[in-house]
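What follows is a short report on a single structure.
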């Protein structure tokens, strides 16, 4: 993995003696974790919401309904590292169904760092669903290392809430109607002690976070593939009134895949 756009040498895990990057080599997981570390709390914001998405050159966020066909081994290393840094991974119900989400798993490479940061051994999975039409018999709900959260609105069907709770999930009400209010969801997660947040979409959920103005950072993998067709973009839903500018924080490359990281400007 090669750095194309270096950050400050003081925070660059691959900086050589002269401050520039070393020659190309595969980064260790510790180096990736340092490069993608969450910012230190500044007293002004309780949570930090990061999104991790992949897109082809022609803007497709998936192929045949899944992101795996446009991903790569390096992309999965970044994916795993971002999960290992997060307190909670937020995903929409359709993404959970399409991608076959399973409970988070403990990884020895990150165990000590998570202990030092006061984190649980694995990130919590938080599923956003208005209808709660989820299969609560799946391991994601019945056998996670830490209970799965289900974020929903106050108008959710009581029998579906009860089904989620019987399966072992923790239901969090984060909206007054049938859906979830993005800002309220982040506040609820923060109140539970989850401040380092990661969303993996899908496009509809990411679009809601963008429209609400609560996204702090986007980690976007640009896949060197073309798919054509009518696949979704990384964010869907109504357009924002004025495009929001984000600043490039870093850019990595491996085998034609670009790993960009943008932060709220």
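Numbering (the numbering used here), first residue to last: 769 to 1033. Ideal placement from N, C-alpha and C gives every residue a C-beta, glycine not left out. Note that the structure is a prediction, hence the values are computed from the model and not measured.
Check                                                                                                                   : Outcome
Where residue 968 falls, given that 16 or more other Cβ within 10 Å makes a residue buried                              : buried
Check whether residue 978 and residue 1012 have beta carbons under 9 Å apart                                            : yes
Sub-9 Å separation of residue 838 and residue 963 beta-carbons                                                          : no
Top-ranked residue by Cα proximity to residue 879, from 930, 851, 947                                                   : 851
CA nearest to the CA of residue 1004, picked from 888, 970, 959                                                         : 970
Residue closest to residue 833, alpha-carbon to alpha-carbon, out of 867, 810, 841, 808                                 : 867
Residue 810 CB to nearest heavy atom of the ligand FAD below 8 Å                                                        : The model depicted lacks the ligand FAD and carries no ligand whatsoever.
Residue 923 versus residue 949: straight-line alpha-carbon distance, rounded                                            : 13 Å
Burial state of residue 843, where buried means 16 or more other Cβ atoms lie within 10 Å                               : buried
Cross-strand partners of residue 991 (DSSP beta bridge)                                                                 : 824
Cα-Cα separation, residue 998 to residue 797                                                                            : 35 Å
Pairwise C-alpha distance: residue 822 and residue 941                                                                  : 29 Å
Uninterrupted beta strand (DSSP E) stretches inside the region 949–1008 (no shorter than 3 residues)                    : 964–967, 985–991
CA-to-CA distance, residue 855 to residue 890, given in whole angstroms                                                 : 8 Å
For residue 799, the residue or residues it bridges with in DSSP                                                        : Per DSSP, none; premise fails for residue 799.
Helix, strand or coil at residue 849 according to DSSP, with G and I counted as helix                                   : helix
Extent of the continuous beta strand (DSSP E) run through residue 929                                                   : Where residue 929 is concerned, there is no enclosing beta strand (DSSP E), although the alpha helix (DSSP H) it sits in stretches over 926–934.
8 Å CB neighbourhood of residue 965 in its chain, flanking five on each side removed                                    : 815, 816, 817, 818, 854, 855, 856, 858, 954, 957
C-alpha gap between residue 794 and residue 1026, whole angstroms                                                       : 14 Å
Beta carbon of residue 921 nearer than 9 Å to that of residue 943                                                       : yes
Separation of residue 1010 from residue 910, as counted between CA atoms                                                : 43 Å
Beta-carbon proximity of residue 931 to residue 895, cut-off 9 Å                                                        : no
Rounded straight-line distance, which links the Cα of residue 917 to that of residue 927                                : 17 Å
Proximal residues to residue 905 (C-beta, below 6 Å), its chain only, five neighbours per side dropped                  : none
Close-in-space but distant-in-sequence residues of the same chain around residue 936 (CB under 7 Å, 5 per side omitted) : 909, 910, 915
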